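Sequence lines, in order, name chains B and S.
In case it helps, this note's numbering puts the first sequence at residues 8 to 118.
In case it helps, this note's numbering puts the second sequence at residues 5 to 119.
Read the structure below first, then the notes.
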Amino acid sequence: GENVGLHLPTLSVQEGDNSIINCAYSNSASDYFIWYKQESGKGPQFIIDIRSNMDKRQGQRVTVLLNKTVKHLSLQIAATQPGDSAVYFCAELNTGNQFYFGTGTSLTVIP
Amino acid sequence: KAGVTQTPRYLIKTRGQQVTLSCSPISGHRSVSWYQQTPGQGLQFLFEYFSETQRNKGNFPGRFSGRQFSNSRSEMNVSTLELGDSALYLCASSVRQADSTDTQYFGPGTRLTVL
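In structure tokens form, the structure reads like this:
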């Protein structure tokens with residue numbers, strides 16, 4: 008299957024700081040990526056997506072960056088809040104129209 | 005618009021039994037995908053249904069099966085349960101966007117424990 012992995016399994020940040028969560032993918036032909044947030048006891052929640060014809064996309068307090076040269080995806084969360092504590096997954100849509108997910112990064116926000 | 009719903013939320017079974025999980029997609033969504041989530045393997049794709057037909061299938065044994073009804077509701081079945089089938093089973097529905105991407109929206113999952 009596809010290799011969609013995360014560089015760090017855990018990340019701790021101070022409240023108010025910016026968070027950066029990274030993701031590597033292996034299929035250069037993948038053209039659509041999604042970041043999900045999963046809180047304990049809940050299903051993954053869509054945060055933001057990006058297509059391969061873009062390098063950057065911004066949402067509310069979140070920015071996704073795509074570097075196709077090194078097959079790297081990152082999620083930036085501005086002014087991180089306690090409610091941002093969760094596991095974050097990146098998902099890659101491969102050429103077979105199937106999503107592959109990374110194992111996730113657990114973000115902990117320290118008040 | 006109501007989100008994806010899954011029933012039951014929690015289930016306890018014993019080895020050898022079979023189980024059926026249900027998923028109701030977001031209204032208007034015709035595609036339903038199923039995933040298994042475990043701490044060690046993360047989210048793994050089981051299968052996808054679109055208009056009552058299986059459109060995609062992951063690498064799971066034949067004990068895992070599914071179907072979709074004309075109202076887009078979907079069920080997945082696991083027969084001859086094994087301890088390793090204990091997991092959170094997630095359902096996601098999607099609809100084709102204007103730019104031809106399919107964005108998936110997940111339900112809360114069914115937590116299956118096999119004893």
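Backbone N, C-alpha and C fix where the C-beta goes; we use that ideal spot for every residue, glycine too.
If you're wondering where the values come from, they're calculated on a predicted model, not measured in any experiment.
Taking a Cβ distance cut-off of 9 angstroms, strictly less, list which residues of the region 41-70 of chain B are near chain S, in chain order.
Cβ contacts with chain S: I41, Y43, Q45, G48, K49, G50, P51, Q52, F53, D56 and R58.
Are the C-beta of B/Q21 and some C-beta of chain S separated by less than 8 angstroms?
By this cut-off, B/Q21 is not an interface position.
What is the residue span of the beta strand (DSSP E) that B/R58 lies within?
Taken as a continuous stretch (DSSP letters only), the beta strand (DSSP E) holding B/R58 covers Q52 to R58.
Quick check: is the beta carbon of B/G109 nearer than 8 angstroms to any beta carbon in chain S?
So yes, B/G109 belongs to the interface.
What's the C-alpha gap between B/Q67 and B/T87?
Approximately 12 angstroms, taken between the alpha carbons.
Cβ closer than 8 angstroms: which chain B residues qualify as neighbours of S/Y53?
What S/Y53 touches in chain B: nothing, since even the nearest Cβ is about 13 angstroms away.
Residues in the region 97-108 of chain B with C-beta within 9 angstroms of chain S's C-beta atoms, listed in sequence order?
Result list: A98, L100, G103, N104, Q105, F106, Y107 and F108.
Starting from B/H79, trace the beta strand (DSSP E) in both directions and tell me its first and last residue.
Run containing B/H79: H79 to I84, per the beta strand (DSSP E) assignment.
Nearest CA to the CA of S/L25: which residue from S/E79, S/E86 and S/S35?
The shortest Cα separation from S/L25 among S/E79, S/E86 and S/S35 belongs to S/E79.
With distance defined between alpha-carbon atoms, name the residue in S/T117, S/L116 and S/D106 nearest to B/F3.
There is no way to answer for residue 3 of chain B, as the model of chain B reaches only from 8 to 118.
The beta strand (DSSP E) with S/Q45 in it runs from where to where?
Note, S/Q45: premise wrong, no beta strand (DSSP E); not H, not E.
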